[in-house]
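Undergrad:
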Amino acid sequence: MSSMKSVALSVFHLAARVRVPLVAGVALLSVNLGGCVAALFGAGATTGVTVVQERSVGSALDDSAIQIAVQGKMIDHSGKLFLNVATEVDEGRVLLTGVVRKTEDRVAAARIAWDTNGVAEVLNEIQVTDKSGIINYTKDAWITTKLRTKMLGDSKIAGINYTIETVNAVVYLLGVAQDATELKRVTEHARNIGDVAEVVSHVRYKDDPRRH
């Protein structure tokens, strides 16, 4: 029974991990093939998103390359580490989230990220705990979806500039805010969702000199 549970959790994690590299691949194709990709995926399917992002096209592609490299190194190090740790990248800043049982695994993930070309900062939010399971993952996914929906429905928030990860009811934010007012709206939306225990922001403001 325990082995079946482990397999189920692995599949759940893998489904969450592969989504971004797939999008990154489409973005790379859009640069190299231009109109061909537009015909396949619909005009503006990729470029429309990039245009409204605070990140430049080049920065977005660099971030995708960093993410793929970090995840590849994690697979080489340990398949379990890859499945248990989520990697998000914004302007060279790597956010690591997830749950591991050993402090050594948390340290290893950070070391892998730091050893990857192009990484400017590593934000290690990996939790060391036995508190995990399908129920927690389902609840976390619901929280993330709920927050994303609230942000999309708020005309005063440029939601495309934010990355959201939720682990054991802790919401982690990464990205670029237009200003303090916008970021406050995002964090308030998150805190007003039932079951959210904490909101951790690694968001920078649009005019932050560290972005340039």
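Going by the working numbering, the first residue of the sequence shown is number 20, and it counts up by one from there.
Even glycine gets a Cβ: it sits at the ideal position worked out from N, Cα and C.
What separation, rounded to the nearest whole angstrom, lies between the Cα atoms of D159 and D227?
TA: Roughly 30 Å between the two C-alpha positions.
Undergrad: For a cutoff of 8 Å on Cβ pairs, would you count V138 as touching chain C?
TA: Judged by its chain identifiers, the structure shown contains no chain C, having just a single protein chain.
Undergrad: Within its chain, find whatever has a CB closer than 6 Å to the CB of L202; leave out the 5 residues flanking it on each side and keep chain order.
TA: Correct list, in chain order: A196, V222.
Undergrad: Is DSSP giving R112 helix, strand or coil here?
TA: Note: R112 maps to strand in three-state DSSP.
Undergrad: Excluding the 5 residues preceding and the 5 following D109 in the sequence, name in chain order all residues of the same chain whose CB lies nearer than 8 Å to its CB.
TA: For D109, where only same-chain residues beyond five positions count, the Cβ hits under 8 Å are R74, D82, T182, L193, G194, V195.
Undergrad: Can you give me the Cβ contacts of R120 inside the same chain, cut-off strictly under 8 Å, excluding the 5 residues immediately before and after it?
TA: So the list reads V147, T148, D149, once near-sequence residues are dropped.
Undergrad: Would you tell me roughly how many angstroms separate the C-alpha atoms of T65 and N180, rounded to the nearest one?
TA: At T65 the pLDDT is 38, less than 50, meaning the model places this residue with poor confidence; the figure from the coordinates comes in the next sentence. Taking the straight line joining both Cα atoms gives about 15 Å.
Undergrad: Need the endpoints of the alpha helix (DSSP H) that T148 sits in, please.
TA: T148 -> no alpha helix (DSSP H), and no H or E assigned at all.
Undergrad: Specify the secondary structure class of A15 as computed by DSSP and reduced to three states.
TA: Given a span of 20 to 231 for the chain in the structure shown, any question on residue 15 remains unanswerable.
Undergrad: Give me the residue from I87, E107, M93, L171 with the minimum Cα distance to E184.
TA: Minimum Cα distance to E184 is reached at E107.
Undergrad: So, using beta-carbon positions, are I145 and M93 closer together than 8 Å?
TA: For I145 and M93, no; Cβs fall outside 8 Å.
Undergrad: Could you name the residues of the same chain whose beta carbon sits closer than 8 Å to that of N187, not counting the 5 residues immediately before and after it, in chain order?
TA: If we look at N187 and ignore the five residues flanking it on each side, its Cβ neighbours are V118, Q146, T148, K150, S151, N155, D159, A216.
Undergrad: Please state the DSSP three-state secondary structure of R74.
TA: The answer is coil: DSSP assigns R74 none of H, G, I, E or B.
Undergrad: Within a Cβ cutoff of 8 Å, which residues of the same chain sit near T135, ignoring the five residues on either side of it in sequence?
TA: Taken in chain order, the residues that qualify are I85, A88, V89, K92, V113.
Undergrad: Just to confirm, are H208 and L166 a CB contact at a threshold of 8 Å?
TA: Yes, these two residues count as a Cβ contact at 8 Å.
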